[in-house]
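Just so you know, this note's numbering puts 125 at position 122 of the first sequence, and the rest follows in order with no gaps.
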Amino acid sequence: MCGRFASIKSSTQLANEYEAVDGTRGRVVEPDYNIPPTHAVLTVVARHPRDANGTPDPASIVRSIRVMRWGLVPHWAKDPAIGSRLFNARMETVADKLAFRAPAAQRRCLIPADGWYEWRREEGRKRPFYLTSNDRESLALAGIWSVWRDPAGDADGPPLATCTIVTTPSAGEPAEVHDRMPLVLPRKDWGTWLDPDADLGVDGVAALLRPPGSDVLGRIEVRPISPAVNHVRNNGPGLLERFEPVSLPASLDISRLVSKS
DNA sequence: CCAGACGTTGTT
DNA sequence: GTCTGG
DNA sequence: CCAGACGTTGTT
DNA sequence: GTCTGG
Numbered sequence: 004m005c006g007r008f009a010s011i012k013s014s015t016q017l018a019n020e021y022e023a024v025d026g027t028r029g030r031v032v033e034p035d036y037n038i039p040p041t042h043a044v045l046t047v048v049a050r051h052p053r054d055a056n057g058t059p060d061p062a063s064i065v066r067s068i069r070v071m072r073w074g075l076v077p078h079w080a081k082d083p084a085i086g087s088r089l090f091n092a093r094m095e096t097v098a099d100k101l102a103f104r105a106p107a108a109q110r111r112c113l114i115p116a117d118g119w120y121e122w123r124r125e126e127g128r129k130r131p132f133y134l135t136s137n138d139r140e141s142l143a144l145a146g147i148w149s150v151w152r153d154p155a156g157d158a159d160g161p162p163l164a165t166c167t168i169v170t171t172p173s174a175g176e177p178a179e180v181h182d183r184m185p186l187v188l189p190r191k192d193w194g195t196w197l198d199p200d201a202d203l204g205v206d207g208v209a210a211l212l213r214p215p216g217s218d219v220l221g222r223i224e225v226r227p228i229s230p231a232v233n234h235v236r237n238n239g240p241g242l243l244e245r246f247e248p249v250s251l252p253a254s255l256d257i258s259r260l261v262s263k264s
């Protein structure tokens with residue numbers, strides 16, 4: 004699963020890391036250690052550039068960093084609020100589901116993350132963990148995206164670009180925390196995933212989707228963190244710090260003395 | 001044909 | 001927009 | 001994902 | 001219990 008993550012690199016840094024141009028057009032996305040669905044994120048896409056008339060040039064492909072809102076709003080949506088529920092797409096079904104099929108076939112993207120958060124259920128409680136790469140590189144999360152125009156708004160206004168993160172069954176270290184995880188793509192797969200000409204239909208998309216291999220899983224570190232991350236208003240590098248809840252010996256455990264009525 | 005959904009997670 | 005269910 | 005609301009009438 | 005907002 005992936006319902007909260009951290010992205011702390013600038014569009015300039017990401018342009019370098021992903022060999023892309025900075026296409027954010029002046030929209031600044033600040034480093035964010037606690038991104039929930041519906042917030043702005045930096046993404047990577049590869050598209051045919053368009054001329055003044057909007058006609059794409061099939062001869063060239065430009066990879067660029069773009070700002071999108073997390074939570075996919077299909078082009079036919081009447082209300083963009085639907086995006087708050089479409090923030091993940093299952094790898095197993097993304098090529099078939101009505102809301103995701105067209106974006107999966109035509110508009111795939113990467114969503115760079117420095118790490119993501121998971122909550123593990125333990126004895127009826129939830130404990131947060133940060134899952135991050137053990138090197139300096141960001142994790143390239145597989146995503147799909149869409150463009151929405153408000154049918155009640157002006158047709159010339161800027162359309163809303165939105166995205167969703169593809170999930171896969173967990174394996175390796177992440178499986179200790181949760182049974183689903185975002186699909187992290189190794190660098191060698193970025194090109195084929197982003198290829199705008201691979202408009203493949205259901206079978207073609209399915210062929211692009213591989214569960215994470217040991218190359219990816221071996222890079223991921225799992226770290227218990229403070230429940231401060233629970234609240235979206237909390238932000239900053241402190242959220243990433245290792246945190247072990249204090250477990251007192253039973254003789255000193257005051258919780259059993261506190262009234263639970 | 002029209003109406004209504006279109007999704008994931010987790011929980012029981 | 002497109003599919004499913006009635 | 002988690003936190004917090006979950007409602008109307010009428011008033012400033 | 002379930003939905004919305006962040």
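Here a beta-carbon is modelled for each residue, glycine too, at the ideal position from N, C-alpha and C.
In this text the structure is predicted, and so the values were computed from the model without any measurement.
* Cα-Cα, which of GLU121, PRO61, THR46, LEU45 is closest to PRO52? -> PRO61
* Beta-carbon proximity check, LEU75 vs CYS166, cutoff 8 Å -> yes
* Answer yes or no: do ILE68 and ALA18 have a C-beta to C-beta separation smaller than 8 Å? => Note that the C-beta distance between ILE68 and ALA18 is below 8 Å.
* For PRO161, is the classification buried or exposed, using 16 other Cβ atoms within 10 angstroms of its Cβ as the cut-off for buried? -> Counting Cβ neighbours within 10 Å, PRO161 comes out exposed, since fewer than 16 surround it.
* When burial is assigned at 16 or more other CB atoms within 10 Å of the CB, is ASP182 buried or exposed? -> exposed
* **CA nearest to the CA of ILE223, picked from ILE11, GLU95, ASP117, VAL32** => ASP117
* Roughly how far, in whole angstroms, is the beta-carbon of ARG111 from the beta-carbon of TRP196, given that I think they are within contact range, below 8 Å? -> Right, their Cβ atoms sit about 5 Å apart.
* To do: Determine the burial state of PRO185: buried for a count of at least 16 other Cβ atoms within 10 Å of its Cβ, exposed for fewer.
  => Buried, by the Cβ-count rule.
* Which residues mark the beginning and the end of the beta strand (DSSP E) in which GLU125 is found? -> 118-125
* Asked: For THR27, is the classification buried or exposed, using 16 other Cβ atoms within 10 angstroms of its Cβ as the cut-off for buried?
  -> buried
* Rounded straight-line distance, which links the Cα of LEU101 to that of VAL32 -> 30 Å
* On a CA-only basis, which of PRO240, ALA209, PRO227, GLY127 is nearest VAL249? Give me that one, please. => Put simply, of PRO240, ALA209, PRO227, GLY127 the residue whose alpha carbon is nearest the alpha carbon of VAL249 is PRO227.
* Over the uninterrupted alpha helix (DSSP H) stretch that includes LYS272, give me the two end residues. => As shown, the chain starts at 4 and ends at 264. That puts residue 272 outside it, with no answer to give.
* **ALA23: first and last residue of the uninterrupted alpha helix (DSSP H) it sits in** => Note, ALA23: premise wrong, no alpha helix (DSSP H); not H, not E.
* **Member of PRO131, ARG190, LYS81, ARG7 whose CA lies at the smallest distance from the CA of GLY156** => Comparing Cα-Cα distances from GLY156 to each of PRO131, ARG190, LYS81, ARG7, the minimum goes to LYS81.
* To do: Could you check if ALA49 is buried or exposed, using at least 16 other CB atoms within 10 Å of its CB as the buried criterion?
  => buried
* **Simplified DSSP state of VAL70, which is helix, strand or coil** => strand
* **From MET94, LEU142, PRO214, residue whose alpha carbon lies closest to that of LYS12** => Selected option, being the one with the closest Cα: LEU142.
* Cβ neighbours of ALA98 in the same chain (closer than 6 Å, five flanking residues each side left out) -> Short of 6 Å from the beta carbon of ALA98, and not among the five residues preceding or following it, lie these beta carbons of its own chain, in chain order: ALA107, VAL205, VAL208, ALA209.
* Grab the span of the beta strand (DSSP E) containing ALA143 for me, first residue to last. => 142-151
* Give the secondary structure of ILE11 by DSSP, where H, G and I count as helix, E and B as strand, and everything else as coil. => Taken through DSSP and simplified to helix, strand or coil, ILE11 comes out as coil.
* Taking ARG193 as the reference, give the member of ASP153, ALA178, GLU121, VAL219 with the closest Cα. => One point to set straight first is that residue 193 is Trp, not Arg, in the sequence displayed. When ASP153, ALA178, GLU121, VAL219 are compared, the shortest CA-CA separation from TRP193 is found for VAL219.
* Below 6 Å CB to CB, which residues in the same chain sit around LYS129 once its five sequence neighbours on both sides are set aside? => TRP122
* Beta-carbon separation of THR41 and ARG72 under 8 Å? -> With contacts defined by Cβ atoms closer than 8 Å, THR41 and ARG72 form a contacting pair.
* Are PRO83 and TRP151 closer than 8 Å when you measure CB to CB? -> yes
* Taking the CB atoms as reference points, tell me whether TYR120 and VAL232 lie closer together than 8 Å. => yes
* Asked: With a CB to CB cut of under 7 Å and the five nearest residues on each side skipped, what residues in its chain are close to HIS78?
  -> SER149, VAL150, TRP151
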